[in-house]
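Be aware that the sequence shown starts at 66, since it is given in the working numbering, and climbs by one per residue.
Ideal placement from N, C-alpha and C gives every residue a C-beta, glycine not left out.
These notes concern the structure reproduced below.
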Amino acid sequence: MAAVTPELARARRLVVKIGSALLVGPGGLRAEWLRALCDDVALARARGTDVVLVSSGAIALGRQVLELPLGSLRVEQSQAAAAVGQIRLARAYEEALAPHGVKTAQLLMTLDDTTDRRRYLNSRATMQALLGMGVVPIVNENDTVATDEIRFGDNDRLAAQIAVTCGADQLLLLSDVDGLYTANPKTDPDARHLPVVAAITPEIEAMGGDPVSGLSKGGMKTKLMAARTAVAGGCAMAIAEGSVLNPLAAVVQGARVTWFLPDTDPQLARKRWIAAMKPKGEIVVDAGAARALQQGKSLLPAGVTGVSGRFGRGDPVLVLDQQGARLASGLVRYSLAEARAIAGHRSDEIEALLGYPGRAALIHRDDMVV
């Protein structure tokens, strides 16, 4: 049976990656292009799609302001350029989306924010809260502090990680090419465009090339790496030509792209990931909490009768009933000491018990496999 190609107009949650070369030209910010992109974002939100933008461009903007030369920059020069450019980049998105009544937020991340489980959960919770309030997050790598050992290295990989983190079902990489070819179409006239990639095989990986833009860091190799991350998280990914005005509308209207297809959906992929983790503790619950879990609800502290193990916030734990039978596994939102302190208490008592506000659920249903 032929694979079903995703439709951008039907995305539930969409992450869009914008490269430096699309956003910044020799004369500075491409304001007309940005306004057209934001028109598309507003239309997507009107269709009911949550949108997250992963945008490069801070260093490119900052180096123009600081009059730094083209070519490689020293680390401290890149960090300074990012600091100068990032504020301009965020303001540009805010001003382009404001006429549509769309609020924006800025999230700056490093690789540590996705590899450290506590910081990963904080990032996920922040994005979920922003999207729940109708805000469009503008995400970029935190180039002002990032060094080689904590860098994603390009925003293709960052966008894929963000897509998995926020549970997106579609990721769109706006590029200077309209998809994956069997060879570099700029040097090989026999190169064939691939509209759909159902599996990322060694032959597909061999089709990756080197960056062709003087501003962008990523090439097709990094896009294939991003695709592998995205589809493993249940997110379909597309590579599309982004230099045209209204690039999202162009894709909706049938512009040529390459889709990479996942074999599952984001929620199921996340559940598989959680289920495969080795638990670091156990939480025993009463009969009422056990019934609530079977109904798909989160685990609240009030239903907890026992806590054991050695775990911190974000670690995997087992949930057991009074007889020791396994009910669920999930990522706990409190440390062992905190969980013991609030066990058996109502959520509105957490602040008094811990001395600071906490999350209502001990394990949220989105972070649990029953």
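Closest residue to residue i among the options (Cα-Cα distance)
i    : options                : result
M241 : P250, D234, A233       : A quick correction: the sequence has Asp, not Met, at residue 241. Answer by Cα proximity: P250.
T294 : A228, V130, Q193       : A228
G92  : R75, E132, M192, L118  : E132
V369 : G377, V397, Q360, G361 : V397
G423 : V435, Q387, L365       : L365
Q388 : S363, G284, A355, A225 : A355
G307 : R337, L239, G284       : L239
K336 : A146, R183, G299       : G299
A163 : A107, R182, A145, V149 : A107
L326 : I269, D243, Q360, I265 : I265
D328 : Q318, L358, A297, A341 : A297
E268 : A248, G284, D253       : A248
G377 : A367, A404, K362       : A404
M118 : H165, R430, L173, L94  : For the sequence presented, residue 118 should be read as Leu rather than Met. Taking only the C-alpha atoms, the option nearest L118 is L173.
G371 : R75, R95, L427, M198   : L427
S412 : Q359, L195, A367       : A367
Q360 : R430, Y399, P331, A334 : R430
G127 : L135, A225, R112, A146 : A146
E270 : A263, R257, M290, P254 : M290
A123 : I415, L135, V149       : V149
R75  : L333, Q318, V434       : Q318
K362 : A341, A425, P331       : A425
G232 : L383, Y399, Q332, R257 : Q332
Start and end residues, beta strand (DSSP E) containing residue i
i    : result
E24  : As shown, the chain starts at 66 and ends at 435. That puts residue 24 outside it, with no answer to give.
K82  : 78 to 83
M174 : 169 to 174
V382 : 381 to 385
D432 : No beta strand (DSSP E) contains D432, which DSSP labels as neither H nor E.
R391 : 391 to 396
E445 : With the chain running from 66 to 435 in the structure shown, residue 445 is simply not present.
L236 : 235 to 240
L108 : Counting along the chain, L108 falls outside any beta strand (DSSP E), though it belongs to the alpha helix (DSSP H) covering 96 to 111.
T323 : 322 to 325
V317 : No beta strand (DSSP E) contains V317, which is instead part of the alpha helix (DSSP H) from 312 to 317.
S121 : Taken as a continuous stretch (DSSP letters only), S121 belongs to no beta strand (DSSP E), as it is neither H nor E.
Cβ shell of residue i (< 7 angstroms), same chain only, five flanking positions each side left out
i    : result
D104 : N311
T70  : V261, W324
S373 : G346, E347
A109 : L79, V116, L313
R375 : K345, G346, L401
L418 : A406, I407, H410
D432 : I339, G395, L396
S278 : With a pLDDT of only 42 at S278, under the threshold of 50, the placement of this residue in the model should not be trusted; the figure read from the coordinates follows. Excluding sequence neighbours, S278 sits near A86, D241.
Y421 : none
Q129 : G93
L195 : A170, P202
R112 : A74
V434 : K336, I339, A340, A393, S394, G395
Cutoff 6 angstroms; reference residue i; Cβ partners in own chain excluding five residues on either side
i    : result
S281 : Low confidence applies to S281: its pLDDT is 41, below 50, so where it sits in the model is not reliable enough to give any reading.
A320 : none
L259 : L245, T323
I186 : Going by the sequence as given, residue 186 is Leu instead of Ile. Result list for L186: G379, in chain order.
R77  : D234
D275 : Bear in mind that the predicted position of D275 carries a pLDDT of just 49, short of 50, making it unreliable; the figure below should be weighed with that in mind. Once the five neighbours on either side are set aside, the close Cβ partners of D275 are G284.
V309 : A315
H165 : A107
M198 : none
E416 : P422
Residue i beta carbon near the ligand GDP (any heavy atom closer than 8 angstroms)
i    : result
S137 : Judged by which ligands are present, the structure shown has none, so any question about the ligand GDP falls away.
Start and end residues, alpha helix (DSSP H) containing residue i
i    : result
N220 : 220 to 230
E132 : Counting along the chain, E132 falls outside any alpha helix (DSSP H), and DSSP gives it neither H nor E.
S400 : Careful: S400 lies outside any alpha helix (DSSP H) and carries neither H nor E.
L162 : 140 to 162
V296 : 285 to 297
L73  : Element bounds for L73: n/a, residue is neither H nor E.
S188 : 182 to 197
Own chain partners of residue i with C-beta closer than 8 angstroms, once the 5 adjacent residues on each side are dropped
i    : result
S120 : K82, I83, L88, L154, Y158, I203, V204, N205, N220
L385 : E347, I348, V349, V350, R391, L392
V316 : L73, L237, A303, A305, V322
R343 : Note on identity: in this sequence residue 343 is Lys, with Arg being the wrong assignment. These residues qualify, in order along the chain: P381.
T230 : T179, Y185, S188, R189, M192
A67  : Bear in mind that a pLDDT of 47 at A67, under 50, signals an unreliable position, so the number given afterwards is only what the model happens to contain. Counting only Cβ-Cβ distances below 8 angstroms, and skipping sequence neighbours, we find nothing.
Cutoff 9 angstroms: residue i Cβ touching any chain D Cβ
i    : result
H165 : The question asks about chain D, but that chain is absent: this structure has only one protein chain.
Query raised in the report: Unbroken beta strand (DSSP E) runs of length 3 or more, entirely within the region 330 to 373: which are they?
Result: Counting whole runs of 3 or more residues, the region 330 to 373 contains the beta strand (DSSP E) stretches 346 to 350.
Query raised in the report: So, do the region 159 to 174 and the region 197 to 207 have three or more beta carbon pairs nearer to each other than 8 angstroms?
Result: These segments touch.
Query raised in the report: Okay, do the region 137 to 156 and the region 342 to 355 touch, 3+ Cβ pairs below 8 angstroms being the bar?
Result: With contact defined as three or more Cβ pairs closer than 8 angstroms, the region 137 to 156 and the region 342 to 355 are not in contact.
Query raised in the report: Should the region 97 to 111 be called in touch with the region 139 to 147, which here means at least 3 C-beta pairs below 8 angstroms?
Result: No contact exists between the region 97 to 111 and the region 139 to 147.
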